[in-house]
Amino acid sequence: MAQQYPEWIWQNGEIKPWKDATAHVMSHALHYGSSVFEGIRSYVTPEGAAIFRLTDHLKRLYLSAKIYDMVLPYSQDELAAACRDVIRKNGYSAAYLRPVAYRGLGGFGLSADTPIDVAVATWPMGPYLGPEALEVGITACVSSWQRFAPNTVPAGAKAGGNYLSGQLVAREARRLGFGEGIALAASGLLSEGAGENLFLIFDGVLHTTPASASILAGITRDTIKVLAREDGIEVVERDIPREYLYLADEVLMCGTAAEITPIREIDGKQVGSGKAGRVTRRLQELYFGLFDGKTQDKWGWLEPV
Numbered sequence: 026m027a028q029q030y031p032e033w034i035w036q037n038g039e040i041k042p043w044k045d046a047t048a049h050v051m052s053h054a055l056h057y058g059s060s061v062f063e064g065i066r067s068y069v070t071p072e073g074a075a076i077f078r079l080t081d082h083l084k085r086l087y088l089s090a091k092i093y094d095m096v097l098p099y100s101q102d103e104l105a106a107a108c109r110d111v112i113r114k115n116g117y118s119a120a121y122l123r124p125v126a127y128r129g130l131g132g133f134g135l136s137a138d139t140p141i142d143v144a145v146a147t148w149p150m151g152p153y154l155g156p157e158a159l160e161v162g163i164t165a166c167v168s169s170w171q172r173f174a175p176n177t178v179p180a181g182a183k184a185g186g187n188y189l190s191g192q193l194v195a196r197e198a199r200r201l202g203f204g205e206g207i208a209l210a211a212s213g214l215l216s217e218g219a220g221e222n223l224f225l226i227f228d229g230v231l232h233t234t235p236a237s238a239s240i241l242a243g244i245t246r247d248t249i250k251v252l253a254r255e256d257g258i259e260v261v262e263r264d265i266p267r268e269y270l271y272l273a274d275e276v277l278m279c280g281t282a283a284e285i286t287p288i289r290e291i292d293g294k295q296v297g298s299g300k301a302g303r304v305t306r307r308l309q310e311l312y313f314g315l316f317d318g319k320t321q322d323k324w325g326w327l328e329p330v
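According to this note's numbering, numbering within the sequence shown proceeds without interruption in unit steps and concludes at 330.
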């Protein structure tokens, strides 16, 4: 079945028909991966449609652009308004948002001067890793592809070129029949999933890899840490050897798209009971409770559309 696209998109200061949002084939970003972007979700809440941590996501977009010397021609407030406008224009409440800034058509060569083009797309999205993933969990494998070493490519920037690594990890996993791949860092220690952060649970304590493990320190990852500690669940950031994946009571992946997805099997080895465990279930309750009103939003994370 052909992909169904939204009717409207925001590009370079205006909302236009989706089909008219084009870029030249010689745009810098197409050849060199010079783009930065965000993945954001809006949810239906008792108070109406709300975008989850919009301000934090856009702040990270600008910080990613700063690393790559990209000066965005719009303010953060203007992009926040664009996100709201394009959701309303398409008639969405629950949706996925993709702000992206990229080097467009200008000079040629790695250091060429180019305009910075900006767009915001939105579309409906269900569970990223499949309709049953949040309930029954997924299978995963440790990829043969490692994350880039420190001081090579900045993992802390959410840049388009970084996701070449994630593509290799994810496509290898799919080819081998797994739901998702897990990457090791250049050190041989755990890094993250193809496009998700990792948490391992031992005796009720959450363990996650540090920023030094070539991860993108995700906003959903931060949300889980805050919610867990608020609920009395201990959180530890530390280096984690690969074999701990096979020893953990529970393992989960998280991200804007993946939300909180349990992993039931890794490299053919069952994780815990082979289904979402007690701590994972509690974290899902707390996280999704933000959107149905069961978890109080003490942090102002829900920003109305």
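Heads up, the beta-carbon is just placed ideally off N, CA and C, and yes, glycines get one too. In this text, all values refer to a predicted model and were calculated from it rather than measured experimentally.
C-alpha distance - residue i paired with residue j, whole-angstrom precision
i	j	result
L130	V296	48 Å
I34	G151	20 Å
V304	L55	42 Å
Y121	G213	34 Å
L241	E262	14 Å
G116	G293	43 Å
I141	M95	7 Å
T139	S52	9 Å
E259	L225	12 Å
S60	Y127	4 Å
A137	Y93	13 Å
L189	A198	14 Å
S118	A75	8 Å
E275	N222	14 Å
G229	I249	14 Å
Q29	K91	34 Å
G302	G155	19 Å
R123	V161	28 Å
A158	V145	27 Å
E237	G181	Just to set this straight, residue 237 is Ser in the shown sequence, not Glu. Computed Cα separation, rounded: 9 Å.
D45	R306	43 Å
E72	L79	17 Å
T286	D256	19 Å
A187	G220	The sequence given here places Asn at residue 187; Ala does not occur at that position. About 10 Å.
G314	E32	31 Å
C166	F203	7 Å
P329	L308	23 Å
V251	Q192	29 Å
K300	I265	22 Å
Status (buried if at least 16 other CB within 10 Å, exposed otherwise) for residue i
i	result
S100	exposed
Y312	buried
W170	buried
F133	exposed
V143	buried
R200	exposed
Y153	buried
P42	exposed
S168	buried
S298	exposed
T177	exposed
H232	buried
G325	exposed
P98	exposed
L88	exposed
A273	buried
A107	buried
R254	exposed
G318	exposed
G206	buried
In DSSP terms, what residue i is bridged to
i	result
H232	L225, V261
T147	L122
L277	F224, P287
Y30	DSSP output for Y30 lists no bridge partner at all.
D142	Y127
T70	G73
K41	I34
Bounding residues of the alpha helix (DSSP H) (the contiguous stretch that carries residue i)
i	result
E255	244-255
S89	79-92
R267	That residue, R267, is in no alpha helix (DSSP H); it is neither H nor E in DSSP.
F313	303-317
Y57	53-57
E103	101-115
V194	188-200
Residue i: first and last residue of the uninterrupted beta strand (DSSP E) it sits in
i	result
T177	Note, T177: premise wrong, no beta strand (DSSP E); not H, not E.
R289	284-291
R209	Position check: residue 209 holds Leu in this sequence, whereas Arg was assumed. Counting along the chain, the beta strand (DSSP E) containing L209 begins and ends at 205-209.
I163	163-167
L327	327-329
G213	Looking at the DSSP string, G213 is not in any beta strand (DSSP E), and its letter there is neither H nor E.
E157	Per DSSP, E157 belongs to no beta strand (DSSP E) and is neither H nor E.
V61	60-62
Any 3 or more C-beta pairs closer than 8 Å across the stretch 238-255 and the stretch 268-288: yes
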